[in-house]
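Residue numbers (the numbering used here): 2 to 177. Glycine included, each C-beta is placed from N, C-alpha and C at the ideal position. Bear in mind the structure is a predicted one, so any value in this text is a computation, not a measurement.
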C-alpha cells in the first residue's frame, strides 16, 4: 500500500485539511486520490508543489523530534510521542544543546509513554539506538544552523523494530 499527501510551501497540517490519503492499493485508488487531493487543495486555496506518493509504513512507534528557537535559551530540542498523540498527551522531554548520547537516552526515559519503546502487549521493542541518533543529529543541525533555524518538526518519525531504523514520515522546517 501507498500513502499520498499534498506538498506545498505553507502546508503544516495536511491531515486536518484532508490532504493525506492512506492505504491505497490500486492504480484506480491512486488516480481517485490524486483528483480528490487536488480538488481539496483548490477548494482550500492551498498552493501545491505536488502530490507525494510514499510507501505506507503501518508498524513501529510514532515519535516526534523537534527544535524551537527560544529567545533566552537559543535552540531547544524536543522528543516525544508523535502523530496526534503529541497534541493530545503532551508527552515530551526538552533539552538545551549541546548534550550527549546519555542525555538523549535520559530524555526518552522521562516520557510517560516510554514503555511503548520497549514493546507492550506483545509488541516488539523498537530501535531506540536509531531514535537516539536522530535526536543527536537534529541537535547538531540546530547548533550548526543557530538562529537561522527557527523551528523544526519531524512528526511522525516512525521508529521501527530493533535494528530497522527510523523513518520520517513528515517534517516541517522554518528558517529565517
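Distance, residue 14 Cα to residue 112 Cα: Reading the chain shown from its first residue, position 111 is the one you call residue 112. Reading the chain shown from its first residue, position 13 is the one you call residue 14. So the two alpha carbons sit approximately 24 Å from each other.
Using only CA atoms, which one of 64, 92, 52 and 99 lies nearest to residue 74? Indexing the chain shown from 1 puts residue 74 at position 73. Here the closest residue by C-alpha is 99.
Along the alpha helix (DSSP H) that carries residue 90, what are the first and last residues, could you check? Here the question's residue 90 lines up with position 89 in the chain shown. From DSSP, the alpha helix (DSSP H) with residue 90 extends over 86-90.
In terms of DSSP beta bridges, what is residue 65 paired with? Taking the chain shown and counting its residues from 1, the one referred to as residue 65 is at position 64. In DSSP, residue 65 forms a bridge with 81.
Going by DSSP in three states, residue 154 sits in which element: helix, strand or coil? Here residue 154 corresponds to residue number 153 of the chain shown, with the count starting at 1. In the structure shown, residue 154 sits in a strand (DSSP, three-state: E or B).
Rounded to whole angstroms, what is the Cα-Cα separation between residue 108 and residue 93? For the purposes of this step, residue 108 is taken as residue 107 along the chain shown, with counting starting at 1. For the purposes of this step, residue 93 is taken as residue 92 along the chain shown, with counting starting at 1. For the pair residue 108 and residue 93, the Cα-to-Cα distance works out to about 8 Å.
When you compare only the Cα positions, how much space is there between residue 22 and residue 130? Here residue 22 refers to the residue found at position 21 of the chain shown. Here residue 130 refers to the residue found at position 129 of the chain shown. Computed Cα separation, rounded: 30 Å.
Mind reading off the beta-carbon distance from residue 105 to residue 137? Whole number of angstroms is fine, and I expect it under 8 Å. Residue numbering aside, residue 105 sits at position 104 when the chain shown is read from its first letter. Residue numbering aside, residue 137 sits at position 136 when the chain shown is read from its first letter. Right, their Cβ atoms sit about 6 Å apart.
Between residue 96 and residue 78, what straight-line distance do the alpha-carbon atoms span, to the nearest angstrom? Residue numbering aside, residue 96 sits at position 95 when the chain shown is read from its first letter. Residue numbering aside, residue 78 sits at position 77 when the chain shown is read from its first letter. So the two alpha carbons sit approximately 5 Å from each other.
Selection from 10, 141, 2 and 37 that minimises the alpha carbon distance to residue 19: Position 18 of the chain shown holds residue 19. The shortest C-alpha separation from residue 19 is found at 37.
Does residue 25 come out as helix, strand or coil in the three-state DSSP assignment? Walking along the chain shown from the start, residue 25 turns up at place 24. Strand at residue 25.
Thinking residue 17 and residue 159 are a contact (beta carbons under 8 Å), I'd like their distance in whole angstroms, please. Working through the chain shown from its first residue, we reach residue 17 at position 16. Working through the chain shown from its first residue, we reach residue 159 at position 158. In this structure residue 17 does not touch residue 159 by the C-beta definition: roughly 20 Å separates them, more than the 8 Å allowed.
Entirely enclosed beta strand (DSSP E) segments - the stretch 84-129, minimum 3 residues: 93-96
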